[in-house]
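Undergrad:
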Amino acid sequence: MITHMKQTSYKNELADGQSVEFRPFQRREDEERLFQWMHKEHVIPYWQLNLTREAFRSHIDKAVRDTHQQLWIGLVNGIPMSYWETYDVKDDVVGRHYKYQLDDQGVHLLFGPESFLGKGLAAPLVKEMLSLIYDHSKAVKIVAEPDIRNHKMIHVFQKCGFQPVKPINLPDKIGLLMVHYREKGGEMLER
Numbered sequence: 001m002i003t004h005m006k007q008t009s010y011k012n013e014l015a016d017g018q019s020v021e022f023r024p025f026q027r028r029e030d031e032e033r034l035f036q037w038m039h040k041e042h043v044i045p046y047w048q049l050n051l052t053r054e055a056f057r058s059h060i061d062k063a064v065r066d067t068h069q070q071l072w073i074g075l076v077n078g079i080p081m082s083y084w085e086t087y088d089v090k091d092d093v094v095g096r097h098y099k100y101q102l103d104d105q106g107v108h109l110l111f112g113p114e115s116f117l118g119k120g121l122a123a124p125l126v127k128e129m130l131s132l133i134y135d136h137s138k139a140v141k142i143v144a145e146p147d148i149r150n151h152k153m154i155h156v157f158q159k160c161g162f163q164p165v166k167p168i169n170l171p172d173k174i175g176l177l178m179v180h181y182r183e184k185g186g187e188m189l190e191r
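Counted from 1, the sequence shown has number 22 at position 22 by the UniProt record's numbering; the numbering is strictly sequential.
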């Protein structure tokens, strides 16, 4: 379960010497930042949360109260640059699309500032988040369901060891269900 990760922060150094940190989302510090990120052209098509301030606050109210997920801010060299959601599959809409195990976890992410795009950071940061989840949960597998049109993220997830399973119809998109196993050689999900 994700709930015991609520106060966990994670710090490490990437192979190129840059520092990476994931810390829990702090509403007072992060809400405005995330609001701005959700209005970025590279984010809008895949998150569709370019809402009014009032509607966005309502969305965040619901998200921070939702006990099946944890919200994170990712930092590189101390600079906030990404937003992450980790979640318990059993309590998520994704759980309706495959035979999950009770401890399966899922992940969503976005990079906010354009200055961090195209720098080769996505795969290393995904791998660090996988380490955080596996280190603080009993998960045997972690799923992702990037928008089927988001070829860059699908490529990043595959580069990190995720296997594509099948397209799934979600309320806000058609996603590609992808799975990552704690140990290589795990069984494929039933389609």
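In this text, a Cβ means the ideal position worked out from N, Cα and C, and glycines have one as well.
Indicate whether H136 and T52 have their beta-carbon atoms separated by less than 8 angstroms.
TA: In the sequence shown, counting from the first residue as 1, residue 136 sits at position 136. In the sequence shown, counting from the first residue as 1, residue 52 sits at position 52. The answer is no: Cβ separation not under 8 angstroms.
Undergrad: Give me the residue from Q26, G17 and Q18 with the minimum Cα distance to V64.
TA: Sequence index remark: in the sequence shown, residue 64 carries index 64 (1-based). Nearest C-alpha to V64: Q26.
Undergrad: From the DSSP output, in three-state form, read off G95 for me.
TA: Counting from one through the sequence shown, the residue named residue 95 turns up at place 95. Helix, per DSSP.
Undergrad: Below 8 angstroms CB to CB, which residues in the same chain sit around G74 once its five sequence neighbours on both sides are set aside?
TA: In the sequence shown, counting from the first residue as 1, residue 74 sits at position 74. So the qualifying residues of the chain are V20, E21, F22, P80, M81, S82, Y83, W84, L109, L125 and M129.
Undergrad: Rank M178, I133 and I174 by C-alpha distance to the C-alpha of H155 and give the top, closest one.
TA: Here residue 155 refers to the residue found at position 155 when the sequence shown is read from its first residue. Answer by Cα proximity: M178.
Undergrad: In whole angstroms, give me the CA-to-CA distance for T86 and A55.
TA: Mapped onto the sequence shown, residue 86 falls at position 86. Mapped onto the sequence shown, residue 55 falls at position 55. Whole-angstrom Cα-Cα distance: 22 angstroms.
Undergrad: Going along the chain, which residues of its own chain have a beta-carbon closer than 8 angstroms to the beta-carbon of L102, five neighbours each way excluded?
TA: For the purposes of this step, residue 102 is taken as residue 102 along the sequence shown, with counting starting at 1. If we look at L102 and ignore the five residues flanking it on each side, its Cβ neighbours are K90.
Undergrad: Going by DSSP, what residues sit across from F111 in a beta bridge?
TA: The sequence position of residue 111 within the sequence shown is 111, counting from 1. Note: F111 sits in a beta bridge opposite S82.
Undergrad: Checking the sheet assignment: what are the DSSP bridge partners for P164?
TA: As a first step, residue 164 is located in the sequence shown; it is residue number 164 there, counting from the start. Answer by DSSP bridge pairing, in chain order: M178.
Undergrad: For the region 163-171 against the region 38-50, are there 3 or more C-beta pairs whose distance is under 8 angstroms?
TA: Flag = no, the region 163-171 and the region 38-50 do not touch.
Undergrad: Among I148, G161 and F111, which residue has its Cα nearest to the Cα of H39?
TA: To locate residue 39, count along the sequence shown from 1; it is residue 39. Selected option, being the one with the closest Cα: F111.
Undergrad: Within 10 angstroms of its Cβ, does H151 collect 16 or more other Cβ (buried), or is it exposed?
TA: Within the sequence shown, numbered from 1, the residue matching residue 151 stands at position 151. Answer is exposed; the Cβ neighbour count stays below 16.
Undergrad: Using the three-state DSSP reduction, which class does P171 fall into: helix, strand or coil?
TA: Stepping through the sequence shown from its first residue, residue 171 is reached at position 171. Correct three-state label for P171: coil.
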